[in-house]
Amino acid sequence: MDSAYPSELLEKAVQEFSKLPGIGRKTALRLVLHLLRRTNEEVEAFASAVATMRRDVKHCRVCHNISDTDLCPICSDQRRDTSTICVVENIQDVLAVENTQQYHGLYHVLGGIISPMDGIGPSDIEIDSLVKRVSEGGICEVIMALSSTMEGDTTNFYISRKLAPYNVRLSVIARGISVGDELEYTDEVTLGRAILNRTEMEKG
C-alpha cells in the first residue's frame with residue numbers, strides 16, 4: 224500500500240516522533256510540520272540539544288538524579304539538610320517534590336519500584352546504594368515518597384526491612400494522596416502537605 228505522506232523523509236520523521244510517550248501520529252505530524260516551518264539553524268539547534276543531552280547527561284553518583292556533573296546540584300548544595308533522605312521512584316518525582324518548596328533534604332532515586340508482574344525485583348533498582356548511604360551514618364530520617372500503589376507499598380515494606388538494623392527514623396508521606404495515584408501527577412499543595420504530615424513507619 225502506498226504511503227499517505229507525500230515525502231518518505233516526512234514519514235520517517237513522523238514515525239520517530241510518534242515513538243515518544245503520549246505522542247500519536249497526528250501529533251507527531253503536527254510537530255514535524257512545525258519544524259519544517261522553522262529555519263535550518265533553529266532545527267539544528269533543537270537536534271543538537273537533544274543529541275548533546277543524550278550523550279553528556281549523567282546520573283548523580285550519590286542520589287542517581289539527573290545531573291550535568293558527577294554530583295548533582297542538590298547533593299552539592301551545602302544549605303540542604305543532609306540528615307534526611309527522601310526516597311522517590313524517578314526523576315519526575317524529584318521535580319514534583321522540589322516544586323512544593325516544603326522539603327529541604329536530600330533525595331534517593333530508585334529508578335523504579337518492585338513489580339514482580341513486570342519482572343522488576345529489588346536488585347533491579349537502587350536499593351543497595353540507599354542501604355549503603357544509611358549504613359555510612361549521618362542520616363536521621365528516610366522519607367518514603369513512593370506512589371500509593373500496591374507496587375509502591377511493596378517497595379516501602381522491602382526497604383523498611385533492609386533499613387531495620389540501622390538507627391534511622393522511617394516515615395511515609397501522608398495519605399492525602401489517593402490510593403493508586405502517581406506522585407508526579409499530584410498537585411503541589413496536596414504533595415507538600417503529604418510531606419509535612421508524614422507518619423512514622425513501623426520497621427519490618
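Our numbering applies: residue 224 is where the sequence shown begins, and numbers increase by one. Think of the CB as a built atom: it goes at the ideal place given N, C-alpha and C, for glycine as much as any other residue.
Where the beta strand (DSSP E) containing residue i begins and where it ends
{"i": "E428", "result": "The structure shown does not extend to residue 428, since the chain is modelled only from 224 to 427, so the question has no answer here."}
{"i": "E374", "result": "Element bounds for E374: not the beta strand (DSSP E) but the alpha helix (DSSP H), 373-386."}
{"i": "S394", "result": "392-395"}
Environment of residue i [buried if 16+ CB atoms lie within 10 Å]
{"i": "V237", "result": "buried"}
{"i": "A268", "result": "exposed"}
{"i": "R421", "result": "buried"}
{"i": "L232", "result": "exposed"}
{"i": "A319", "result": "buried"}
{"i": "K242", "result": "exposed"}
{"i": "E349", "result": "buried"}
{"i": "E264", "result": "exposed"}
{"i": "T292", "result": "exposed"}
{"i": "T307", "result": "buried"}
Beta-carbon spacing of residue i, residue j below 7 Å
{"i": "C309", "j": "G334", "result": "no"}
{"i": "S383", "j": "L369", "result": "no"}
{"i": "I337", "j": "T372", "result": "no"}
Run of the alpha helix (DSSP H) containing residue i, from where it starts to where it stops
{"i": "L258", "result": "248-260"}
{"i": "S358", "result": "351-358"}
Close Cβ partners of residue i (< 6 Å) along its chain, the five nearest in sequence each way excluded
{"i": "L353", "result": "H331"}
{"i": "L258", "result": "V266"}
Close Cβ partners of residue i (< 7 Å) along its chain, the five nearest in sequence each way excluded
{"i": "C298", "result": "C283, V285, C286, L329"}
{"i": "E374", "result": "I336, I337, S338"}
{"i": "T305", "result": "L329, G361"}
Close-in-space but distant-in-sequence residues of the same chain around residue i (CB under 8 Å, 5 per side omitted)
{"i": "N288", "result": "H282, C295, I297, C298, I314, V317, Y330, V332"}
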